[in-house]
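Shown next, in structure tokens, is the structure this report addresses.
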Amino acid sequence: MREREYFIFRPAEEADLEFISNLSAHVFSRYGRYEKIVPAWFKEPAVITEIIAQQSDALGFAMLVLERQKVFIHREAHLLAIGISVEHQKRGVGTALLEHMEDIAREYNAVEMNLWTAVDNEPALAFFHKAGFEIERFENGYYPKGQAALSMSKRLEDT
Ligand SMILES: CC(C)(COP(=O)(O)OP(=O)(O)OC[C@H]1O[C@@H](n2cnc3c(N)ncnc32)[C@H](O)[C@@H]1OP(=O)(O)O)[C@@H](O)C(=O)NCCC(=O)NCCS
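Using my numbering, read the sequence shown as starting at 227 and increasing by one per residue.
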């Protein structure tokens with residue numbers, strides 16, 4: 227059984243951009259120039275970027291945008307990215323951060339969370355599947371470097 231760990235969540239700041247960019251280069255560069263794309267998302271006013279940390283060490287980040295087709299219908303939360311530093315993966319950090327992002331989405335009355343992930347990203351598919359996401363759609367050539375992607379979604383029940 228995993229030891230219980232305590233994490234800190236905080237909104238990302240400019241000072242976190244180097245961490246976010248380096249981690250994106252490490253974990254997403256096979257899909258495109260995400261070391262540039264992800265920091266550009268950070269600067270968009272609608273994007274919520276959160277850091278998960280332990281003491282002063284950042285362990286990972288996630289980005290969320292809230293969307294809706296019409297102003298009078300419910301919102302959908304779109305998870306743009308989630309990344310955990312390789313040395314901190316597979317000990318529950320990603321799960322804790324994803325749950326935190328779901329809580330934020332609920333605070334904004336989102337009833338659903340969706341995302342895209344690469345067809346070949348087996349750890350991510352297993353991770354999202356375990357968190358309750360279901361595959362919805364396949365899209366060829368989704369990523370800048372041409373890989374196919376799957377969209378996944380999850381209903382956000384009230385907690
Ligand atoms: C996907 C990612 C965020 C998961 O974070 P994590 O902290 O390692 O995940 P957790 O430790 O919370 O794992 C939760 C569950 O996910 C699944 N999982 C996580 N990593 C896995 C791996 N490498 N292989 C298979 N299943 C995996 C397991 O079911 C795991 O449950 P278990 O520990 O009881 O077996 C992390 O691997 C990562 O940052 N990957 C690179 C970036 C990325 O691909 N992001 C997703 C697309 S945006």
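All residues carry an ideal CB built from backbone N, CA and C; glycine is no exception.
- When DSSP states are grouped into helix, strand and coil, P349 belongs to the helix group.
- Residue environment: A374 is assigned as exposed (fewer than 16 neighbouring CB atoms within 10 Å of its CB, all protein chains considered).
- Around the CB of E276, 16 or more other CB atoms lie within 10 Å, so the residue is classed as buried.
- Taking non-hydrogen atoms of ligand 1 into account, the C-beta of N347 is found less than 7 angstroms away from one of them.
- Put simply, of G320, A284, R301 the residue whose alpha carbon is nearest the alpha carbon of E333 is R301.
- Contact check for I310 and G286: beta-carbon distance about 4 angstroms, within the 8 angstroms limit, so the pair qualifies.
- For E362, same chain residues with a beta-carbon under 7 angstroms away, outside a window of 5 residues either side, are S377, M378, S379 in chain order.
- Counted as a single uninterrupted DSSP element, the stretch harbouring H304 is not any alpha helix (DSSP H) but the beta strand (DSSP E) occupying residues 301–310.
- Contact annotation, L341 with L305: C-beta distance approximately 4 angstroms; criterion of less than 8 angstroms satisfied.
- Taking 7 angstroms as the cut-off, one finds at least one heavy atom of ligand 1 near enough to the beta carbon of I308.
- In summary, E328 is buried, with 16 or more beta-carbon neighbours lying within 10 Å of its beta-carbon over all protein chains present.
- With 16 or more other Cβ atoms inside 10 Å of its own Cβ, G320 counts as buried.
- In this chain, E383 is not harboured by any beta strand (DSSP E), its DSSP state being neither H nor E.
- The continuous beta strand (DSSP E) containing A344 extends over residues 336–344.
- Judged by the Cβ position, G258 fails to qualify as a neighbour of ligand 1 at the 7 angstroms threshold, every heavy atom of the ligand being at least this far.
- Burial of V253 is indicated by the presence of at least 16 other C-beta atoms within 10 angstroms of its C-beta.
- The bridge partners DSSP lists for T275 are M289.
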